[in-house]
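In the numbering used here, the protein residues as written are 1009 to 1460. Take a look at the structure below.
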């Protein structure tokens, strides 16, 4: 029986099914993985969903890594729970993304999907209840599993339960769009935890406001602003393959300055307004033409949802328009990569003179913390007030309203003209703040607080 359990939609390992029926194991990284490695594997367990056919086949064959239990959720149930509720309802609520005249619509189809979401959470709660030792600590991760704490509390009242939300939390006004019974079920699920964690005081306060208005009870609410592991990130950024990609980018950029952004093509990331701001910079400050290049990495995200496919296409289209409008035979204003290329992103980090991070609403946004740690000559950070990282980094960043394209364009100009000494000083302070709570410490602090 495990004394420390983690539950998350995605686990630390995945399996790829070969044509001959063999299974290839792929291990993930990240803070939770490294943190759990400090705990005796005989005492810890990670409960996660089987995400692909390889994972499901591994479950069927009884193949597994020590300390990991995969749940073979029926595919239809998983699709309804993950895409139908977690990513199409809860994500949109917490990020305030709905197109209100048209969405949301809570009808019979929604309630059918919610039933799947409830059953998906129940599968996790039952697995955790079966595997946990008496008085064990259970750390549940994110909005995919918001009902698990309450369900688990009913099954195992002896357990110490924590839940961490990696996204923002919706305002009470936004959350009240949910049907009353569903909203109360969501809050009861969260309030089944002894401790609830959020990245920022703003998101913690939003939850407290929603819970207080419901009269459903209280949990301890704490703030843990996830940071980056400086040594690990710098080691990744200086691998030979990153050096090669950096050489390629330098050849493309020449002696021009760089504005770097790295995002998934997620609706909340505000990539389109960032490109519009860059276009306005080139319009209102023509002196920057042929003197700056915008390196934009836009990883395709959730391409099984039509709204995300359309957004990804719009990013590529706007980048092409800017290149057509301003580009010359010797200068391409935007170098956009609409694919998952972490090596290119790390090379761009090292090359960055300016980092543009302008989400409309983000739980944290680690890119804002990663670029200052890796940038070789120091970078000026243009950061929106909607980023969770704003709370920690605002003193040393150039902060902007994420909806104000003109303000963002002027901030880019200010960043590009910043004296090297000021840029270096700001980068040093940004880096120090960014690394103050690295992933392993972030997790262990929560575990220690839960045990205490």
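Ideal Cβ placement from N, Cα and C applies to all residues, glycine included.
Evaluate residue i with the Cβ neighbour count: other Cβ atoms within 10 Å of its Cβ, from every protein chain shown; 16 or more gives buried, anything less gives exposed.
i            : result
residue 1169 : buried
residue 1350 : exposed
residue 1214 : buried
residue 1026 : exposed
residue 1078 : buried
residue 1347 : exposed
residue 1187 : exposed
residue 1109 : exposed
residue 1305 : buried
residue 1189 : exposed
residue 1029 : exposed
residue 1036 : exposed
residue 1333 : exposed
residue 1436 : exposed
residue 1252 : exposed
residue 1466 : Residue 1466 lies beyond the residue range present for the chain, which begins at 1009 and ends at 1460; the question has no answer from this structure.
residue 1318 : exposed
residue 1083 : exposed
residue 1064 : buried
residue 1124 : buried
residue 1009 : exposed
residue 1157 : buried
residue 987  : Given a span of 1009 to 1460 for the chain in the structure shown, any question on residue 987 remains unanswerable.
residue 1055 : buried
Which of the three DSSP states is assigned to residue i in this structure?
i            : result
residue 1025 : strand
residue 1166 : coil
residue 1357 : helix
residue 1142 : strand
residue 1251 : helix
residue 1218 : helix
residue 1096 : helix
residue 1277 : helix
residue 1179 : coil
residue 1236 : coil
residue 1267 : strand
residue 1205 : strand
residue 1437 : helix
residue 1242 : helix
residue 1393 : coil
residue 1014 : strand
residue 1114 : coil
residue 1003 : Here the chain has residues from 1009 to 1460 only, and residue 1003 is not among them.
residue 1067 : helix
residue 1009 : coil
residue 1385 : coil
Is the beta carbon of residue i less than 8 angstroms from the beta carbon of residue j?
i            : j            : result
residue 1021 : residue 1062 : no
residue 1447 : residue 1234 : yes
residue 1359 : residue 1266 : yes
residue 1181 : residue 1103 : no
residue 1367 : residue 1410 : yes
residue 1413 : residue 1271 : no
residue 1134 : residue 1163 : yes
residue 1285 : residue 1183 : no
residue 1017 : residue 1058 : no
residue 1273 : residue 1232 : no
residue 1382 : residue 1365 : no
residue 1250 : residue 1303 : no
Expressed to the nearest angstrom, what Euclidean distance is found between the alpha-carbon atoms of residue i and residue j?
i            : j            : result
residue 992  : residue 1143 : Given a span of 1009 to 1460 for the chain in the structure shown, any question on residue 992 remains unanswerable.
residue 1278 : residue 1415 : 14 angstroms
residue 1154 : residue 1116 : 21 angstroms
residue 1246 : residue 1451 : 26 angstroms
residue 1173 : residue 1211 : 9 angstroms
residue 1320 : residue 1329 : 15 angstroms
residue 1196 : residue 1149 : 16 angstroms
residue 1177 : residue 1262 : 43 angstroms
residue 1137 : residue 1146 : 10 angstroms
residue 1323 : residue 1050 : 47 angstroms
residue 1228 : residue 1428 : 44 angstroms
residue 1443 : residue 1237 : 6 angstroms
residue 1456 : residue 1012 : 11 angstroms
residue 1072 : residue 1066 : 7 angstroms
residue 1129 : residue 1400 : 33 angstroms
residue 1127 : residue 1100 : 21 angstroms
residue 1240 : residue 1407 : 28 angstroms
residue 1357 : residue 1378 : 8 angstroms
residue 1289 : residue 1151 : 38 angstroms
residue 1395 : residue 1372 : 6 angstroms
residue 1275 : residue 1105 : 8 angstroms
residue 1370 : residue 1206 : 12 angstroms
residue 1311 : residue 1095 : 12 angstroms
Consider the Cβ of residue i: report whether some Cβ of chain C lies at a distance smaller than 8 angstroms.
i            : result
residue 1312 : No chain C appears in the structure shown, which is made up of a single protein chain.
May I have a chain-ordered list of the alpha helix (DSSP H) segments no shorter than 4 residues that lie completely inside the segment 1399-1425? Fully enclosed alpha helix (DSSP H) runs of 4 or longer: 1413-1424.
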